Each structure stands twice: as C-alpha cells, then as structure tokens.
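This report refers to the structure that appears directly beneath it.
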Amino acid sequence: MAKLIYRSRIISTSLSALVLLIAASADLAAQAIGRDESTTDKVRQPAIEDRIRLLEQRVQQLESQLRQQAGSASGGSSRPGLGSNPAPRFFDASKNSRFDSVPKLPAADSVTSTRSIRERFAGASIYVSFGPVSRPSKVVQVDAEGEILGCVTTPGSAMGLGVDGDRLLCVQASARVGQGQVLAIGKAGELKSVFSNPTLLPDTIALSSNPQCDYYLVGDNGADRVVQISKSGSDEPIVRFQQQRSPSFQDISIASCSDGSLLYWSNDVEGIYRLAAGESELPDRPLVYAESRFGNAVAASPVSGKWVALLQSRLILFDGEKPASVIGYPAGERLFRGLASFVGDSLLAVAFQSGNVWAIDLESGDPLKLFNVRSDRTIGLSVGEQLDWPAADSSLSQVIVAAQ
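Each step along the sequence shown adds one to the number in this note's numbering, with nothing skipped, and position 264 is 581.
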C-alpha cells in the first residue's frame, strides 16, 4: 500500500497545518500496512486497506479545496523525476486538458439495445474474483445474463485475471513476502502453478494475457517490475520494465497491446504510460495524468490497437497513441480498484466501486448493467472463452446478483 506523502507549501499557516495533520494521520495508518523490510510479513489487513484508500481519497478532496481557497499563494512542490517514485501531489484534471477537444460519448441513457450488447458476449464468460488478502478466494464464471456458470476456489488471492485460450491465468497475491506465483485454472477447473520465482517475482499483483501473443505480462509490487513470461515456458523470462525501488506495495495495472506495447499505471507515478515494444523506461510524461490516487487502470483490445485509460470518473479510448473518445461512466458509478476487460474490439466490461459490473459500448458510450458482486473485496475481472468449470455452490447466488 503506497504511503501517503503530502507536503504542501501553502503559505497560510492554518491551511498548511490542516493538510499536514490529515496527511500525517493517513501516513501513520498507511505505515501499519506498508512495507517492513525487517519482516517477511506485509501486514495488510483488507478492511484497514480499504479504509486507507477511502481516507486517501478524502485527503485528495480536502487538498484540492484548500488549494483553491489559498489561490495563487498555494501549491504543491514541483514534481520530482519519475525515478524517485513520487507520491503524486494535488491531482489536477486540468493536466488532461488536451482531451477536452476529443469527442465525448454519453453514458447515461442507453440507445443501443440491451439485446445487441448481450449478443456480443456470445460464447464468452465474465470471470470475477473476490476474497480477502492471503486467504482462499472465489473465481466465479458468469454469463452476460448474470447466471453463474461455475466456480473455482484458489488457495490465495486470485488477482490479475487473464483468459488464455482454454485456461484462465491469475496471479496469487499474498500478505507474506515471497509467495507470488502465476496460477492456471484449466478448462475443467483444475488448478496448476505455471510460474514461481521468489527472486524475480516475489509479490505478484497484476497480470495481462493477450490471446494473440505467445507471452503474458506479470506486475510485481515487491520487486517493482513487469516481467514478460513465455506461455510455452520455453524462453527465459524478460524484465520488461524495472521501476526504481518503491517504498511501498503499490497498486499496479498493466495491459499488453496487440502491437507489443506495454500499458502501465501504478499509484506512485504520475499517470498512465505506454511503452512501445522494446522500450524499457517510462517516457518523461504520461499519456494520461492520474486524476486521483486510486481508481486508475488500463485495458487493451486483443485484436486491434485500441485500448482504454480508465480514470475514477471517466475513460479515454485510444487507438495507438491517438485519443478517439472520452466516455463518462453510468450515473453514480466511480472506479475504485480499476478492473476492466475488453470484449472483442468495441465492448468493455468494468467493475465499479458499487460492486456493479457494466458493459460499456465503446462506439456509442451506451452502458448495460450485467450483475452486482456483493463482496467487500472484488479483486479480479476478465472476459473470455467459456470453460467447463465445476458447478457453483448455491450460496453464491447471494453474492452474484443479476441486474434487474
């Protein structure tokens, strides 16, 4: 969990003191779940973690208000270089002003028929995982009608879901250092560890698998790197991107584009970056600046150059490096953990903070609510080929509830 470091330079003593007081309290709480180099435990209790996230969001809101009140006399210190892994200060939506001229698609009133959207899920399932850190989690297979098709229980937290042909890949996230690994859930629901290297990937937290590629990507927030792993296992792993040592176990979102480029976001860099095939360093500036500390993510189409940068209250659709449209989320919805997956080339499944999973038409901006996950901790989402998994326990119908 990234530590909250806000050192404002607001001249007004009272305003500055308030910011520092809030930041100090959040930082002390974050230390309780942050990195402790003297132990093998990442003491990250899920309930505390979520409260810290909400507290950090509140700090951002208060800082923004204080900055406005202080006028020209207020402001944060200049952003250090990326190599120092700064905790971004004063998230400012105006930094994304270049997208103001990009066509905006409404996402409030549906025009595209619900039948048309559901039909585009033909032969595909939505895979969603939930459960506490370091404990067994459920990975549930759901269709576009919200019907539960199967369920598999993993030994640890199943995050970074990625469908790869007739198997589902995921990483195991743990509150103990060195437990990271990549698991494959087979067509019949069988579990298998397909990659484990505590030195290279001690703390796996993110995964991206493009069915068109012969490799998948794994993000690790202990070693602070993204590693490319051969699906066949015949090639040596390649460190695709190495970030300088981060002081915390940060959130990470990664995606692999069809042209081999890597999309990357973590909550201790300035925003969302795109590294071309062969590049191993972040550009000087992100393509999209983060507008909040959490609620940012990336997802890429498996069949074209399209990809999306998801922010807390909207998404930006790109084709390569060119922005195509800005789409607002359904009314009342906000992104929290950043879980999204393409369905073909023009549909996106997104899990929101409310627990609602929506399908958003990227051509019209029209949304369709699919189902709700009634769990405090939804940790993974992917869409892909239906697999013949074991039947789910009937009690799951109280957790996965189809939209009315």
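Don't be surprised by glycine CBs; every beta carbon is placed ideally from N, CA and C.
This structure is a prediction, so every number in the text was calculated from the model and none was measured.
As a beta-bridge residue in DSSP terms, TYR606 pairs with GLY588. Taking ARG694 as the centre and dropping the five residues before and after it, the same chain places the C-beta of PRO363, PHE447, GLY448, PRO449 closer than 7 angstroms to its C-beta, in chain order.
Between the region 451-471 and the region 513-524, the count of C-beta pairs closer than 8 angstroms stays below three; the two stretches do not touch. For GLU436, the uninterrupted alpha helix (DSSP H) run begins and ends at 431-436, by DSSP. Around the beta-carbon of PRO519, 16 or more other beta-carbon atoms lie within 10 Å, marking it buried.
Residue state for LEU713 is assigned as helix, using DSSP reduced to three classes. In the same chain as ARG435, and ignoring 5 residues on each side of it, the C-beta atoms closer than 6 angstroms to its own belong to ALA461, in chain order.
Annotated three-state conformation of LYS548 is coil, per DSSP. In this structure, VAL660 sits near ARG437, with a CB-CB distance shorter than 8 angstroms. Judged by beta-carbon spacing, SER699 lies within the 8 angstroms limit of LEU485, meaning their Cβ atoms are closer than that value.
DSSP places SER526 within a strand segment (E or B) once states are collapsed to three.
Our two residues, ALA616 and SER573, have alpha carbons roughly 8 angstroms apart in a direct line. Between SER621 and ASP662, the gap from beta carbon to beta carbon is short of 8 angstroms. In this structure ASP483 is not in contact with LYS548, their Cβ atoms being roughly 12 angstroms apart against a cut-off of 8 angstroms.
For ASN689, the enclosing beta strand (DSSP E) starts and ends at 684-690. A contact between stretches requires three or more CB pairs, one per stretch, nearer than 8 angstroms, and the region 666-676 meets this requirement with the region 638-658. LEU687 is a Cβ neighbour of GLY463, given a cutoff of 8 angstroms. When C-alpha distances from GLU702 are compared across LEU422, TYR646, VAL459, PHE408, the shortest belongs to VAL459. Per DSSP, reduced to three states, the secondary structure at SER575 is coil, with no helix or strand assignment.
The residues PRO515, PRO519, in chain order, have a CB closer than 6 angstroms to that of GLY495 in the same chain once the five nearest residues on each side in sequence are set aside. Looking at the DSSP output, TRP624 shares a beta bridge with ALA617, PHE635. Boundaries of the beta strand (DSSP E) around ASP537: 532-537. In the three-state DSSP reduction, ARG493 falls in the strand class (E or B).
Judged by their CB atoms, ALA626 and LEU632 are nearer to each other than the 8 angstroms cut-off. Measuring C-alpha to C-alpha distances from ASN689 to each of ASP541, TRP675, ARG610, LEU679 identifies TRP675 as the nearest. Straight across, the Cα-Cα distance linking SER414 with GLU608 is about 12 angstroms.
Leaving aside the five residues that flank ALA709 on each side, the residues in its chain whose CB is nearer than 7 angstroms to its CB run, in chain order, VAL457, ILE465, GLY467, CYS468. Only residues of its own chain outside the window of five on either side were considered, and among them GLY479, ASP481, LEU486, TYR533 have a CB closer than 6 angstroms to the CB of SER526, listed in chain order. By the neighbour-count criterion, in which a residue is buried when 16 or more other Cβ atoms sit within 10 angstroms of its Cβ, PRO619 is buried. In this chain, the beta strand (DSSP E) harbouring ALA441 covers 441-447.
In the structure shown, PHE408 falls within a coil segment according to DSSP collapsed to helix, strand and coil. The Cβ atoms of GLY697 and GLY655 lie no closer than 8 angstroms to each other. For ASN413, the secondary structure class from DSSP, reduced to helix, strand or coil, is helix. For a cut-off of 8 angstroms, the C-beta gap from GLY506 to PRO707 is around 5 angstroms, short enough to register as a contact.
Here LYS455 is buried. Its C-beta has 16 or more other C-beta atoms within 10 Å.
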